[in-house]
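Asks: Quick mapping for you: the protein sequence lines, in order, are chains A and B.
Heads up, the first sequence stops at 131 in my numbering, and the numbers go up one at a time, no gaps.
Heads up, the second sequence stops at 131 in my numbering, and the numbers go up one at a time, no gaps.
Idealized CB from N, CA, C, for every residue including glycine.
Have a look at this one before I ask anything.
There are 2 protein chains.
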Amino acid sequence: MPMRRMTRQRRAVMEVLKSTRSHPDAAWIYQEVKKRVPSISLGTVYRTLDALVKEGKVIALHTGGATRYDAFTHPHAHLVCTACGRVEDLELELPHLLEKAQAQNPAVRLDAVRLTFEGLCADCAQNRLEG
Amino acid sequence: MPMRRMTRQRRAVMEVLKSTRSHPDAAWIYQEVKKRVPSISLGTVYRTLDALVKEGKVIALHTGGATRYDAFTHPHAHLVCTACGRVEDLELELPHLLEKAQAQNPAVRLDAVRLTFEGLCADCAQNRLEG
DNA sequence: CTATGTGCAAAGTGTTTGCAAATTT
DNA sequence: AAATTTGCAAACACTTTGCACATAG
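In structure tokens form, the structure reads like this:
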């Protein structure tokens, strides 16, 4: 299990990720972290993100295109806007999905849920009405 | 909207996809379709899959790594096995997730749900107990 | 006949990796 | 000092695209 040491790079990646709710990808995180640690490389960003995901400190979202990362790990639903590509959090109580699914499928072992909706974010839904 | 014409290639891609429940990726579909239409190219497979997804005949699953495709479009949950990478269907009644989420988030427009669990498939869960 | 789809190969993204140098513990 | 992590650049895996030819309608 990699990334045991607390380096400046690692701290900066974690702080940048905690500072936003925009579900950024590695390239965006890299640009932000460079403002604090100019020498950092994109490779290090990827390695750090991998480690954080494996440790459960960060969630990886596969939504098509680049992987997005989310430091808010409490189970919640996402909306992927099919018009602008934005990913936002959705208000929705997840009704014990993991427990229910586990009970109905005893042969498998469920560790995590990802609930993702496709549709239009508030801005794009609004623009659709106007335009 | 592309792919209005029913070509041999398109028919073969659709048939191959309907014949499996393994949620294959483009490379696998390409190999299978080549058995029926040897001249087909990987580019055509990608273009055809894109079209089928846009038409709603096929669902694209983004699970990390290559995009996987599913011709079974009735809403259902998936399990991505973190040990072997397999993607299987899960027994689980989706309790009107789309309607509930839409009601709680009136400003956005929800078109589709993707419910994905991470964990161990039956085989890998079993092997874990033995090994 | 004409518009659309195909095959090919080259180019584009996003991500991973080997290695020597730097850093953490 | 020892072990881990970094930066760099090259390699990779997956997907998209331009174009001349083929084909469905």
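Against chain A, which members of the region 45 to 70 of chain B pass a CB distance test of less than 8 Å?
Replies: A60, H62, T63, G64, T67
Asks: Taking only three categories from DSSP, how would you classify R114/A?
Replies: strand
Asks: Measure from the alpha carbon of A60/B to the alpha carbon of each residue in R5/B, D123/B, V113/B, then state which is nearest.
Replies: V113/B
Asks: So, is the C-beta of C84/A closer than 7 Å to a C-beta in chain B?
Replies: no
Asks: Can you give me the Cβ contacts of R68/B inside the same chain, cut-off strictly under 7 Å, excluding the 5 residues immediately before and after it?
Replies: H23, P24, D25, L61, V87
Asks: Can you pull the chain A residues whose beta carbon is under 8 Å from the beta carbon of G119/B, in chain order?
Replies: V108, R109, L110, D111, A112
Asks: For V16/A, which residues of its own chain have a beta-carbon under 7 Å away from its beta-carbon, when the five flanking residues on both sides are left out?
Replies: If we look at V16/A and ignore the five residues flanking it on each side, its Cβ neighbours are I29, E32, V33.
Asks: Considering just the uninterrupted stretch of the beta strand (DSSP E) at E88/B, what are its terminal residues?
Replies: Unbroken beta strand (DSSP E) run through E88/B: 87 to 90.
Asks: Which same chain residues, not among the five before or five after C124/B, have their C-beta less than 7 Å away from its C-beta?
Replies: C81, A83, C84
Asks: On the DSSP bridge assignment, give the partners of C84/B in chain order.
Replies: Partner(s): none; C84/B has no beta bridge.
Asks: Comparing alpha-carbon positions, which option in P38/B, H76/B, V45/B lies nearest M14/B?
Replies: V45/B
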